[in-house]
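Chemist:
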Amino acid sequence: MDSLLPGGAAVEIILVDDGSTDATPRVIDDYARRYPRQVVALHQANAGHGGAINAGLKVATGRYLKVVDSDDWLDEGAFHQVLAKLTSFDVPVDLFISNYIYDKVGVRHKKVTRYRHGLPQQRVFGWPQVRLPVGQYLLMHALIYRTAVLRDLPLHLPTHTFYVDNLFALEPLPSTRRLYYLDVDLYHYYIGRPDQSVHESVMIKRIDQQLAVNRRMIKVLAGERHLDPHLYRYMARYTEIVTGISSILLLRQGTREAREKKGNLWRYMRMTAPRFYRQARTSVVGIGVNLPGWLGRHTSVDFYRLLQQIYHFN
């Protein structure tokens, strides 16, 4: 929270108490009392991550919107640079992109995701100019949307569901035409709590929520028949890697029921988005997570470990 205050009057900070039973309601009310021109305090019954984002979007008055999770924070110097650039546009951009840092507990050298080799710099650009390498994705931590883009969709994320950040980073993209990338390390993404939603054991326990998000991503691709081909290719790659992760988590679970869920996911893709299915099933990821038999399943899990090392997704 304190990392957002240096934005001053130019930044509206919306704090959402999502039915917390600890000191959170008192803490955010205290911030709203101390900084009445900056902080808006919202209280609601628990609705999960998606419900909190929905609530914030509903009341936001700023031209742009960024989500900052409660574990995470912004670099002050980069924050000022981002604000200066956002206020400099004569015509607002639809999507503003910056870098983010994986603040992983116990890791001395933090991994920084930068887009300098895949996105133009110092100019507004469109999707035909995007050249992100395979394995690099525009995650929620990197994104600032023009608020009207989200409202005009309208974006409404599932409630009581984890992993909706994947929807936040995918569904609005077809409505973005004007993009801008600023090569600064803005967002610190904290990883390390054993109960964190992206911890592998937690993801396996919540696999049905992961699958619900995954299916909605597939449905988004099925409904976008006239996308710029560069944008479609990016969205397909992103959905493909999420599907690969879902598949491997089900294999890691190791039960017959889990294997049936994996088969159902790929059948849903084939029926709902046949164009995407043909691409995904014949890709390295699609082949790697669908190897037949007991040996194939174990090989797929080893493949997952390799993906972890390459893409740092867990």
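Following our numbering, the numbering of the sequence shown begins with 804 at its first residue and continues without gaps.
Note that beta-carbon positions come from the ideal geometry of N, C-alpha and C, so glycine has one too.
(1) For chain C, is any of its Cβ atoms less than 8 angstroms away from the one on Gln925?
(2) Of the residues Ile1048, Ala887, His1002, Thr1042, which one's Cα is nearest the Cα of Val987?
(3) So, helix, strand or coil for Lys888, using DSSP?
(4) Given a threshold of 16 other Cβ atoms within 10 Å of its Cβ, counted over all protein chains shown, does Trp1119 qualify as buried or as exposed?
(5) Skipping 5 residues on each side, what residues in its chain have a beta carbon closer than 7 angstroms to that of Val896?
(6) Which partner residues of Tyr983 appear in the DSSP bridge assignment?
(7) Let me make sure I understand the geometry here. Which of Tyr1035, Asp968, Arg1018 has the alpha-carbon closest to that of Ser978?
(8) Give a yes or no on whether the C-beta atoms belonging to Ala855 and Val819 are separated by under 8 angstroms.
(9) For Leu807, which residues from the same chain have a beta carbon less than 6 angstroms from its beta carbon, with the 5 sequence-adjacent residues on both sides left out?
(10) Please list the segments of the beta strand (DSSP E) lying wholly inside the segment 911 to 998, counting only runs of 3 or more residues, in order along the chain.
(11) Throw me the rounded Cβ distance for the Pro936 and His912 pair, which I believe falls under 8 angstroms.
(12) Measure how close the beta-carbons of Leu1024 and Thr1042 come, nearest whole angstrom, since I'm counting them as under 8 angstroms.
(13) By Cβ distance below 6 angstroms, which residues in the same chain neighbour Leu1054 in space, the five residues on each side in sequence not counted?
(14) Can you name the residues that DSSP bridges to Tyr867?
(15) At a cut-off of 7 angstroms, would you count Gln1112 as near the ligand NAP, judging by its Cβ distance to the nearest heavy atom?
(16) Okay, do the segment 955 to 971 and the segment 1060 to 1073 touch, 3+ Cβ pairs below 8 angstroms being the bar?
(17) Would you tell me roughly how many angstroms separate the C-alpha atoms of Tyr905 and Glu1063, rounded to the nearest one?
(18) How is Leu1098 classed by DSSP in three states: helix, strand or coil?
(19) Leu808 lies in the beta strand (DSSP E); which residues open and close that run?
(20) Residues in the same chain with beta-carbon distance under 7 angstroms from Arg917, minus the five sequence neighbours each way, listed in chain order, please.
(21) Could you name each continuous beta strand (DSSP E) segment of 3 residues or more that falls completely within the segment 1010 to 1039, going from the start of the chain to the end?
(22) Looking at the secondary structure, which residues open and close the alpha helix (DSSP H) in which Gln1082 lies?
Modeler: According to the structure shown:
(1) Note that chain C does not occur in the displayed structure, where there is just one protein chain.
(2) Ala887
(3) helix
(4) This structure does not reach residue 1119, given that the chain is present from 804 up to 1117, and the question cannot be answered.
(5) For Val896, where only same-chain residues beyond five positions count, the Cβ hits under 7 angstroms are Val927, Arg949, Arg981, Leu982, Tyr983.
(6) Note: Tyr983 sits in a beta bridge opposite Phe899.
(7) Its Cα nearest to that of Ser978, the residue Tyr1035 stands out among Tyr1035, Asp968, Arg1018.
(8) yes
(9) Ile816
(10) Here the runs fully enclosed are 914 to 916, 946 to 949, 982 to 994.
(11) Separation of the CB atoms of Pro936 and His912 is rounded to 21 angstroms, and the pair is thereby denied contact status at 8 angstroms.
(12) 6 angstroms
(13) Arg1100, Ser1103, Val1104
(14) In the DSSP assignment, Tyr867 is bridged to Arg949.
(15) Summarising the ligand content, the structure contains no ligands, and the ligand NAP is consequently not present.
(16) no
(17) Take the alpha-carbon of Tyr905 and the one of Glu1063: they are about 34 angstroms apart.
(18) Of the three classes helix, strand and coil, the one that applies to Leu1098 here is helix, per DSSP.
(19) From DSSP, Leu808 is part of no beta strand (DSSP E); its letter is neither H nor E.
(20) Asn902, Asp986
(21) none
(22) 1077 to 1084
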